[in-house]
Amino acid sequence: MTRSESSLLKQLNLGLFLFFHPQSPAALFRNPYRLVNNLVARVLNAGLRLQDRLRPEPRVACSLCGWQGRRFGYWAAVSANQLLPDQLCFRCGSTAQTRVLVKLFEQHLPAAKTKPAVLEIGPSPATRQYFAQHPELCYVAVDRFKWVDVRCDATHIALRSRTIDAFICSNVLEHIPDDRQALSELYRILKPDGIGIIVVPQTKGLTKSHRVRDTTFLGYGHIWEYGDDFAQRIKEVGYAVQAAHTWDTDSGPTPVRWGPFYLVRRPADG
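In terms of this note's numbering, the sequence shown opens at residue 1193 and continues consecutively.
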């Protein structure tokens, strides 16, 4: 066997391992419910895009990129195995949660004499595109795997203490075994009176957060299921915490309430 054949065989074995491993991201495509939801979403979204081309009737607009159309597209929610309407922007790919999160962030971004330093853990393509359009902010994207500004683990952020004015941590903590350490690192790099917005999936009526597994496959899958005590878990790190709800007024004539988003602040004397 030649060296090239050996290399090809290794790549094939790795591909098969990644596809059939029970915790790999390929599980998304093996799950029949998720597979059907993704296929249905693609078909329905193709129909919506065709309607926009044949008969443009702008009724909704994306607050992140300015796209306008008849309606937002369908989104196949991975964690809930649901097909959700009026979610997806056909230009930037943002969902309704992302759009209301950015609006809330804009409302609470602290004033700074120079360019505010904004950090995002695990950025989405939509938020990266949004911040690229705002040169008045010094935006830093952090992740373990993606092509980002700083590649590091959320439990050991490679930035100096008290250098960030604000951060966004959306749907990240539930994937991290030591989530408290990640919260402590975000607290460490945040300036006094700096703010952050934290979003996690929560189970209504669950009294105490708990682990659902010990490890994940390359960060895929949830380690934590969070309950009603999540705000207290944040406070224990030292933050002042406010649970905020906000309204999505972009997606249609009837506003939809989203939340809670956890607005956190490092005290001035913290």
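By construction, the Cβ of each residue, glycine as well, lies at the ideal position given by its N, Cα and C atoms.
What you are looking at is a predicted structure, and each value in this text was computed from that prediction instead of being measured.
Leaving out the 5 sequence neighbours to the left and right, which residues in its chain are closer than 6 Å to residue i when beta-carbon positions are compared?
i: residue 1257; result: 1283, 1284
i: residue 1491; result: Outside the displayed span of the chain (1193 to 1462) sits residue 1491, for which this structure offers no information.
i: residue 1310; result: 1329, 1331, 1358
i: residue 1251; result: 1262
CA-CA distance, residue i and residue j?
i: residue 1416; j: residue 1237; result: 32 Å
i: residue 1375; j: residue 1455; result: 13 Å
i: residue 1347; j: residue 1446; result: 40 Å
i: residue 1243; j: residue 1267; result: 18 Å
i: residue 1259; j: residue 1404; result: 39 Å
i: residue 1233; j: residue 1429; result: 40 Å
i: residue 1351; j: residue 1427; result: 23 Å
i: residue 1449; j: residue 1249; result: 25 Å
i: residue 1227; j: residue 1397; result: 30 Å
i: residue 1225; j: residue 1373; result: 35 Å
i: residue 1439; j: residue 1322; result: 20 Å
i: residue 1302; j: residue 1235; result: 42 Å
i: residue 1395; j: residue 1460; result: 32 Å
i: residue 1389; j: residue 1245; result: 37 Å
i: residue 1326; j: residue 1247; result: 32 Å
i: residue 1306; j: residue 1342; result: 21 Å
Does the distance from the CB of residue i to the CB of residue j come in under 9 Å?
i: residue 1365; j: residue 1418; result: yes
i: residue 1425; j: residue 1371; result: yes
i: residue 1369; j: residue 1335; result: no
i: residue 1458; j: residue 1331; result: no
i: residue 1443; j: residue 1288; result: yes
i: residue 1340; j: residue 1315; result: yes
i: residue 1313; j: residue 1361; result: yes
i: residue 1279; j: residue 1297; result: no
i: residue 1293; j: residue 1433; result: no
i: residue 1240; j: residue 1261; result: yes
i: residue 1253; j: residue 1286; result: no
i: residue 1383; j: residue 1356; result: yes
On a CA-only basis, which of the options is nearest residue i? Give me that one, please.
i: residue 1385; options: 1373, 1358, 1375, 1402; result: 1358
i: residue 1354; options: 1255, 1462, 1328; result: 1462
i: residue 1277; options: 1352, 1229, 1249; result: 1229
i: residue 1367; options: 1393, 1383, 1290, 1397; result: 1393
i: residue 1231; options: 1269, 1343, 1326; result: 1269
Keeping to the same chain, check which residues put their C-beta closer than 7 Å to that of residue i; ignore five residues upstream and five downstream.
i: residue 1349; result: 1334, 1377, 1381
i: residue 1452; result: 1435, 1436, 1437
i: residue 1300; result: 1387, 1455
i: residue 1304; result: 1357
If we define contact as Cβ-Cβ less than 9 Å, is residue i a contact residue for chain B?
i: residue 1414; result: Protein chain content of the structure displayed is limited to a single chain, and chain B is not contained in it.
Residues in the same chain with beta-carbon distance under 8 Å from residue i, minus the five sequence neighbours each way, listed in chain order, please.
i: residue 1399; result: 1419, 1420, 1421
i: residue 1401; result: 1416, 1417, 1418, 1419, 1421, 1422, 1425
i: residue 1255; result: 1291, 1294, 1295, 1442
i: residue 1363; result: 1314, 1391, 1392, 1393
Check whether the Cβ of residue i sits closer than 8 Å to any heavy atom of the ligand COA, and report yes or no.
i: residue 1460; result: No copy of the ligand COA occurs in the structure displayed, which carries no ligand at all.
Report the residue ranges of all alpha helix (DSSP H) runs contained in full by the stretch 1224-1250; include only those spanning at least 4 residues, in chain order. 1224-1246
Length at least 3, wholly inside the stretch 1324-1367: the beta strand (DSSP E) runs in chain order: 1330-1335, 1356-1362
Report the start-end ranges of each beta strand (DSSP E) in the stretch 1376-1409 that is 3 residues or longer and not cut off at the edges. 1382-1391
I'd like the ranges of any beta strand (DSSP E) spanning at least 3 consecutive residues and lying wholly in the stretch 1417-1458. 1432-1440, 1448-1457
In chain order, what are the residue ranges of uninterrupted alpha helix (DSSP H) at least 4 long that sit wholly in the stretch 1268-1326? 1288-1300, 1317-1324
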